[in-house]
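Data first, discussion second: the structure below is written as structure tokens.
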Ligand code: ATP
Ligand code: MG
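Residue numbers (this note's numbering): 115 to 532.
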């Protein structure tokens, strides 16, 4: 017997059913917001992620599945979608003609982190990226979209939205200096990771989950109190539009993004229902990322959410049933098997979900199967019925049974299903 690789998992049964419901709700919602799909490669040159995600991030420092291909190319399984989509946007010159582009993607991501409940080495994300405008109404729309995805996937009441502004190149450097001075004074009270972050990525310390660090940072200066005029105006506008879109949110002053090219709006959707894995989705505005990956200076904003976590939340709420057939056809070998197959074809041409038991065992066994299948109708093609050109239809809800002309059967079932 073979076992799957550590941190990877199989998804089937009721989880797959919940998965399908969530993905379907996502697709519909993306289209409602006028986003088009972008299907991206799962493998990219490692450099795309090193540059696009940043070499001081956890992802690039220790979580990438990176390896050398047989021809010597350094490649990596994608740990996220943003760097890939920006690479594709630049490579395909999608900034010509200059207009706003709204994309969504869905698919597996790979990060070599410590597997634990709700944290896998292959997990799935859905996300969006919008290029071409820094208008605050777009920030609000993108946050509204994330919120709507939760509502439409059926978990709207299990999540909350937090937003923040992390400033821009005009106001952030001055703030960062104040922060660094404060943190240096308290460096002896910080965890090991954060002592390292002091030189490389001080704002990330605000985000540390360690209790000691939280004690230090609770008194630290925050970006929100040091925004420049433009950033204040942008943030105020975003909040107004969020009110207009009807999105409920709270401001979390401690939310940060580790990288320089993130500006202004940052947001996270969180839950209290999944233990320590409380992040469901996160996003923010980035200027300079397109340029960093070789394109012109074009602003962007996006988010990524964890599909696995959405599905876990939905499953906490309800048992999502697997799809059931509309019709179960019972036939008998060398009597009605060929007619039954023909019926299957007719039903399926009409989109009526149909199945039969190809082993065609005794009537009683097939009836039991039909029952277990949860099909709404069971059709019995016995010798007597066949001779008269009829089929016996049992309504599994009411228990009632009727004879119907075989050539009228698809219309009959369509009508009944409504
Ligand atoms: P975390 O703080 O949980 O590590 P992150 O900051 O690494 O999250 P992002 O890179 O922002 O997460 O990814 C967006 C979403 O993808 C997360 O909010 C989460 O729902 C999901 N996600 C990230 N890593 C994993 C994982 N290893 N397993 C399952 N879901 C994940
Ligand atoms: Mg992570």
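Cβ coordinates follow ideal geometry from the N, Cα and C atoms, glycine included. The structure displayed is predicted, hence computed values, not measured ones.
Buried or exposed by the 16-neighbour rule on C-beta atoms within 10 Å, applied to residue i
i, result
"residue 200", "buried"
"residue 532", "exposed"
"residue 171", "buried"
"residue 348", "buried"
"residue 464", "exposed"
"residue 479", "exposed"
"residue 118", "exposed"
"residue 146", "exposed"
"residue 461", "buried"
"residue 181", "exposed"
"residue 365", "exposed"
"residue 477", "exposed"
"residue 353", "buried"
"residue 398", "buried"
"residue 162", "buried"
"residue 422", "buried"
Segment limits, beta strand (DSSP E) that includes residue i
i, result
"residue 385", "376–385"
"residue 515", "515–519"
"residue 407", "Element bounds for residue 407: n/a, residue is neither H nor E."
"residue 93", "The structure shown does not extend to residue 93, since the chain is modelled only from 115 through 532, so no value can be given for it."
"residue 276", "273–279"
From the options, residue whose alpha carbon lies closest to that of residue i
i, options, result
"residue 151", "530, 447, 220, 490", "220"
"residue 336", "497, 213, 318", "318"
"residue 280", "268, 381, 417", "381"
"residue 326", "342, 307, 459", "307"
"residue 313", "522, 301, 122, 473", "301"
"residue 195", "156, 211, 363, 324", "156"
"residue 343", "284, 290, 429", "284"
"residue 211", "242, 246, 238", "246"
"residue 522", "504, 323, 303, 363", "504"
"residue 160", "139, 183, 154, 153", "183"
"residue 393", "137, 401, 383, 402", "383"
"residue 425", "346, 115, 209, 126", "126"
Distance, residue j Cα to residue i Cα
i, j, result
"residue 420", "residue 133", "12 Å"
"residue 232", "residue 492", "41 Å"
"residue 255", "residue 350", "14 Å"
"residue 244", "residue 453", "53 Å"
"residue 214", "residue 236", "32 Å"
"residue 261", "residue 377", "21 Å"
"residue 265", "residue 177", "31 Å"
"residue 413", "residue 298", "33 Å"
"residue 406", "residue 368", "26 Å"
"residue 488", "residue 456", "22 Å"
"residue 530", "residue 466", "11 Å"
"residue 339", "residue 289", "9 Å"
"residue 248", "residue 431", "38 Å"
"residue 229", "residue 120", "8 Å"
"residue 417", "residue 528", "42 Å"
"residue 508", "residue 141", "36 Å"
"residue 575", "residue 268", "Because the chain spans 115 through 532 in this model, residue 575 falls outside it and cannot be assessed."
"residue 321", "residue 330", "11 Å"
Span of the alpha helix (DSSP H), counted from its first residue to its last, around residue i
i, result
"residue 289", "286–299"
"residue 178", "First-last for residue 178: undefined, no H or E at that position."
"residue 197", "196–205"
"residue 351", "343–359"
"residue 316", "Looking at the DSSP string, residue 316 is not in any alpha helix (DSSP H), and its letter there is neither H nor E."
"residue 421", "421–431"
"residue 441", "Note, residue 441: premise wrong, no alpha helix (DSSP H); beta strand (DSSP E) at 441–444."
"residue 478", "477–487"
"residue 246", "No alpha helix (DSSP H) holds residue 246; DSSP gives it neither H nor E."
"residue 399", "Looking at the DSSP string, residue 399 is not in any alpha helix (DSSP H); the run it does join, the beta strand (DSSP E), is 393–400."
Residues of its chain near residue i, where Cβ-Cβ distance is below 7 Å and the 5 sequence neighbours each way are ignored
i, result
"residue 179", "190, 191, 224, 226"
"residue 148", "216"
"residue 433", "128"
"residue 387", "272, 427, 430"
"residue 250", "348, 351, 352, 355"
Neighbourhood of residue i by C-beta distance below 6 Å, restricted to the same chain and skipping five residues each side
i, result
"residue 497", "449"
"residue 315", "170, 372"
Close beta carbons around residue i, own chain, < 8 Å, minus the five adjacent residues each side
i, result
"residue 613", "Absent from the structure is residue 613, since the part of the chain shown begins at 115 and ends at 532."
"residue 105", "The chain is shown from 115 up to 532; residue 105 falls before or after that span and cannot be answered."
"residue 483", "442, 471"
"residue 474", "445, 446, 447, 451, 480"
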